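So the structure is just underneath, and the comments pick up after that.
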Amino acid sequence: MTDDEARSEAEARQQKIVEHKGECYVEACPGAGKTLTLVRRVISVSGTLGLRQGIAVLSFTNSAVDEFKEKYGSETSSSPLGFPHFVGTFDAFLNHFILMPFGIPGCVDRPTVVDRWEGITIPHGRPGVAAPPLPLHYFDGETGLLAANRHSSLTPAQAGVRSHYETAAKRRLDGLRRKAMLAATAARKAAIKFLKENPERAKALGEAIAARFVEIIVDEAQDCNDDDVYVLEWLRMHGANLVVVCDPDQAIYGFRNGSSTNFAPFVGKLPSLIMNGNFRSSKTICAAAATMRDAGRSTPDLAVGIDRDSPAVIHIVPYKDSTTSKAAVGAKFGELLDASKLPKENSIVLAHKRKLAARISGNTSQGDVKSDGLKRLAGAVADYHRPGSSPRERSHTVKSTVRLLMTIEGHDEDEVSSLRSISESQERMREYHRKAVVLLEHLPPHCTTITIDTWLTMAKAEILRLTGVKVTWRPRKSDWADSLIAGRDSVSGLPYATIHEAKGRAYDAVCVVVDGSSENVMDHWTQRASATSEALRVLYVGLTRARKLAALAVPEGQVNAMTEIMKGSGVPYHVWTAPRKPSAKRDTKQKTPVLEEAAS
Numbered sequence: 017m018t019d020d021e022a023r024s025e026a027e028a029r030q031q032k033i034v035e036h037k038g039e040c041y042v043e044a045c046p047g048a049g050k051t052l053t054l055v056r057r058v059i060s061v062s063g064t065l066g067l068r069q070g071i072a073v074l075s076f077t078n079s080a081v082d083e084f085k086e087k088y089g090s091e092t093s094s095s096p097l098g099f100p101h102f103v104g105t106f107d108a109f110l111n112h113f114i115l116m117p118f119g120i121p122g123c124v125d126r127p128t129v130v131d132r133w134e135g136i137t138i139p140h141g142r143p144g145v146a147a148p149p150l151p152l153h154y155f156d157g158e159t160g161l162l163a164a165n166r167h168s169s170l171t172p173a174q175a176g177v178r179s180h181y182e183t184a185a186k187r188r189l190d191g192l193r194r195k196a197m198l199a200a201t202a203a204r205k206a207a208i209k210f211l212k213e214n215p216e217r218a219k220a221l222g223e224a225i226a227a228r229f230v231e232i233i234v235d236e237a238q239d240c241n242d243d244d245v246y247v248l249e250w251l252r253m254h255g256a257n258l259v260v261v262c263d264p265d266q267a268i269y270g271f272r273n274g275s276s277t278n279f280a281p282f283v284g285k286l287p288s289l290i291m292n293g294n295f296r297s298s299k300t301i302c303a304a305a306a307t308m309r310d311a312g313r314s315t316p317d318l319a320v321g322i323d324r325d326s327p328a329v330i331h332i333v334p335y336k337d338s339t340t341s342k343a344a345v346g347a348k349f350g351e352l353l354d355a356s357k358l359p360k361e362n363s364i365v366l367a368h369k370r371k372l373a374a375r376i377s378g379n380t381s382q383g384d385v386k387s388d389g390l391k392r393l394a395g396a397v398a399d400y401h402r403p404g405s406s407p408r409e410r411s412h413t414v415k416s417t418v419r420l421l422m423t424i425e426g427h428d429e430d431e432v433s434s435l436r437s438i439s440e441s442q443e444r445m446r447e448y449h450r451k452a453v454v455l456l457e458h459l460p461p462h463c464t465t466i467t468i469d470t471w472l473t474m475a476k477a478e479i480l481r482l483t484g485v486k487v488t489w490r491p492r493k494s495d496w497a498d499s500l501i502a503g504r505d506s507v508s509g510l511p512y513a514t515i516h517e518a519k520g521r522a523y524d525a526v527c528v529v530v531d532g533s534s535e536n537v538m539d540h541w542t543q544r545a546s547a548t549s550e551a552l553r554v555l556y557v558g559l560t561r562a563r564k565l566a567a568l569a570v571p572e573g574q575v576n577a578m579t580e581i582m583k584g585s586g587v588p589y590h591v592w593t594a595p596r597k598p599s600a601k602r603d604t605k606q607k608t609p610v611l612e613e614a615a616s
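Residue numbers (the numbering used here): 17 to 616.
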């Protein structure tokens with residue numbers, strides 16, 4: 017089959033999904049154009065809707081929802097999908113149609129759902145034990161148990177009183193629940209509980225939703241857990257027409273129980289369609305991604321897009337466990353972009369952990385809700401002005417600054433964390449947003465031409481002007497200004513994100529960071545154990561974001577294993593030597609050693 021024939025076949029599969037009548041299950045490879053196909057299906061179905069009928073489009077991440085809205089806007093000049101349609105995350109759907117209308121038993125207040133508790137810390141409460149408090153978002157929002165991925169970050173003293181932290185966290189969460197304030201995980205459980213314990217009302221609600229929405233599209237359905245499948249079964253049982261879209265290799269939400277034993281039997285009841293043909297990535301990137309899949313799925317996806325013949329190899333860039341070495345990887349990635357004439361703004365550094373992605377990209381995220389107010393503000397200003405900051409990251413920074421302003425004005429801690437006191441009033445929300453943006457815009461992001469004392473004076477004056485409150489910050493240590501001083505030393509300022517945040521997106525070039533602390537990920541890669549290794553599937557999602565150029569930042573000790581994987585699958589690659597410390601004969605002023613080329 018020629019390239020043109022393969023592209024025509026892939027486009028025909030897309031059109032088949034656009035025109036398919038009724039419910040279906042669609043399995044799609046990365047880059048198959050599923051978002052654009054779903055947009056075109058929505059546009060097609062919209063023309064058949066009756067009065068007050070709509071379409072619901074659900075996904076599991078805000079980035080996927082944002083991408084759908086962007087592509088819908090680019091495909092049609094009609095108005096955005098407002099009422100009676102619904103476009104949002106699966107959790108937003110549950111909150112909107114179940115939790116908010118029916119409330120929480122025993123609470124008279126309207127529920128407030130919080131994605132993450134900010135600024136609330138939990139002391140262990142045990143006398144005689146010197147262990148600092150833990151942030152409330154470290155704990156499960158329903159049970160109060162410490163999240164499994166947080167255990168390793170505890171100090172020995174904290175680990176010794178873990179049960180005391182958990183008891184205190186559960187007590188705090190129960191108190192918040194009595195005020196109708198819930199973490200997202202607890203809100204989801206409350207919605208499921210309502211459906212199970214109120215069968216008559218659940219039946220009426222299901223029929224009403226099915227009557228309103230001619231079709232409910234569930235994208236990224238591989239992230240369904242058993243609760244999600246229960247909701248889908250409930251919707252279908254009451255007449256909802258479901259279109260379920262999935263790529264099993266991109267299931268990366270196991271930490272929220274995002275794997276379901278009931279998913280396969282459920283979608284087995286639906287007519288099955290397939291989308292193959294990768295319109296996004298080059299043949300080399302498709303071949304490298306295939307090395308991460310199980311042996312039974314090791315054939316590379318067929319590259320059919322305009323970048324299919326991009327000549328780039330897979331760049332393997334070793335790094336050591338040092339700030340200098342990690343920053344050198346970002347600098348090298350920047351050089352590769354320049355050499356390939358690819359814009360930095362459409363390229364990205366991705367890692368499982370935000371801090372590692374920031375280090376590699378030449379940025380340092382400064383926001384810290386555990387710090388005092390002055391340090392939080394300095395970090396927020398540095399983050400807001402950081403060249404690599406994405407729109408969503410800036411939005412998060414603005415929201416954190418809103419919380420700081422509310423704290424300065426004396427709002428209750430629970431209200432600050434949940435933002436309930438302003439979220440129920442659009443006028444107040446806009447006013448606080450304006451204040452936060454003004455504060456962030458008016459303060460310089462680094463102290464290159466002014467002293468930190470001058471910056472502090474400016475900050476106090478601006479806060480007084482915006483809030484009417486005279487803050488009395490008297491820092492005992494100068495480390496509050498580290499982010500303002502560090503802001504001068506950004507190495508590359510490349511955009512960066514966690515792989516979870518980038519899911520559903522595409523970039524001209526991607527640098528995927530293999531985390532040396534991720535247990536056995538290279539062994540899993542060698543064994544093609546993607547079915548059981550979520551860490552490997554996370555890397556797969558990261559690599560498949562790339563169109564033209566891909567780099568793998570690999571711990572120095574794992575380079576040989578990586579090259580064997582690429583060599584064994586016939587994937588063209590190129591290895592760069594790890595950075596060395598500058599010798600006395602070299603330019604000691606050079607802060608980022610240039611990576612040297614090595615034969616592959």
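The C-beta atom is built at its ideal place from N, Cα and C for all residues, glycine as well. None of these values were measured; they are calculated from a predicted model.
- Buried is the label assigned to Phe-295, since at least 16 other Cβ atoms lie within 10 Å of its Cβ.
- With fewer than 16 other Cβ atoms inside 10 Å of its own Cβ, Met-253 counts as exposed.
- Taking the Cα of Leu-189 as reference, the smallest distance to any Cα among Pro-151, Arg-178 and Lys-212 is reached at Pro-151.
- Considering only Arg-132, Pro-139, Ala-173 and Pro-143, the residue with the shortest C-alpha distance to Glu-158 is Arg-132.
- DSSP, read as helix, strand or coil, puts His-462 in coil.
- The beta-carbon separation of Tyr-556 and Asp-242, rounded to 23 Å, does not stay under the 8 Å limit for a contact.
- In the three-state DSSP reduction, Tyr-400 falls in the helix class (H, G or I).
- In terms of CA proximity to Leu-74, Ile-233 leads the group Arg-446, Ala-319, Ile-233 and Asp-399.
- Under the DSSP assignment, Pro-172 falls in the alpha helix (DSSP H) whose first and last residues are 172-176.
- In this chain, Glu-236 is not harboured by any alpha helix (DSSP H), its DSSP state being neither H nor E.
- Counting only unbroken stretches of 3 or more residues, the beta strand (DSSP E) elements lying wholly within the region 111-135 are 128-130, in sequence order.
- Contact annotation, Val-529 with Ala-373: C-beta distance approximately 6 Å; criterion of less than 8 Å satisfied.
- Between Val-34 and Arg-56, the C-beta gap is smaller than 8 Å, which places the two residues in contact.
- Annotation for Asp-82: no residue places its beta carbon closer than 6 Å to its own, counting only its chain and skipping 5 residues before and after.
- Residue ranges of uninterrupted alpha helix (DSSP H) with 4 or more members, entirely inside the region 249-291 and ordered along the chain, are 279-283.
- By the 16-neighbour rule on beta-carbons within 10 angstroms, Met-582 is buried.
- Three or more Cβ pairs drawn from the region 544-552 and the region 302-310 lie within less than 8 Å of each other, which places the two stretches in contact.
- In the DSSP assignment, His-153 falls outside any beta strand (DSSP E) and carries neither an H nor an E.
- Taking a contact to require three or more Cβ pairs closer than 8 Å, the region 244-263 and the region 82-98 do not qualify as touching.
- For Ser-434, the enclosing alpha helix (DSSP H) has its first and last residue at 429-434.
- Every beta strand (DSSP E) stretch that sits fully inside the region 323-386 and reaches 3 residues is listed by chain position as 330-335 and 363-367.
- Between the alpha carbons of Trp-489 and Leu-390 lies a distance of about 7 Å.
- Annotation: the continuous alpha helix (DSSP H) that includes Arg-57 extends over 50-62.
- The C-alpha of His-516 is placed about 28 Å away from the C-alpha of Ile-59.
- Non-local beta-carbon contacts of Asn-278 in its own chain, meaning distances under 7 Å to residues more than five positions away in sequence, involve Asp-242 and Val-245 in chain order.
- Pairwise C-beta distances place the region 174-183 out of contact with the region 202-220, as fewer than three of them are shorter than 8 Å.
- Collapsing the DSSP output to three states places Thr-413 in a helix.
- Three or more Cβ pairs closer than 8 Å define a contact, and the region 447-457 meets that threshold against the region 408-422.
- It is roughly 11 Å from the alpha-carbon of Ser-439 to the alpha-carbon of Lys-415.
- For Ala-72, the closest alpha carbon among the candidates Asp-495, Leu-353, Ala-108 and Pro-148 is that of Ala-108.
- Beta-bridge annotation (DSSP): Thr-514 is paired with Ala-367.
- DSSP places Thr-105 within a strand segment (E or B) once states are collapsed to three.
- Looking from the CA of Asp-239, the closest CA among Val-397, Thr-77, Ile-225 and Asn-165 belongs to Thr-77.
- Boundaries for Val-537: no beta strand (DSSP E) harbours it, while the alpha helix (DSSP H) harbouring it runs 537-543, taken from the DSSP string.
- Counting only residues of its own chain and dropping the five nearest sequence neighbours on each side, Leu-251 has a CB closer than 8 Å to the CB of Gly-222, Ile-225, Ala-226, Ile-232 and Leu-258.
- Residue nearest to Leu-352 within the set His-331, Ala-343 and Arg-370 is His-331 (criterion: CA-CA distance).
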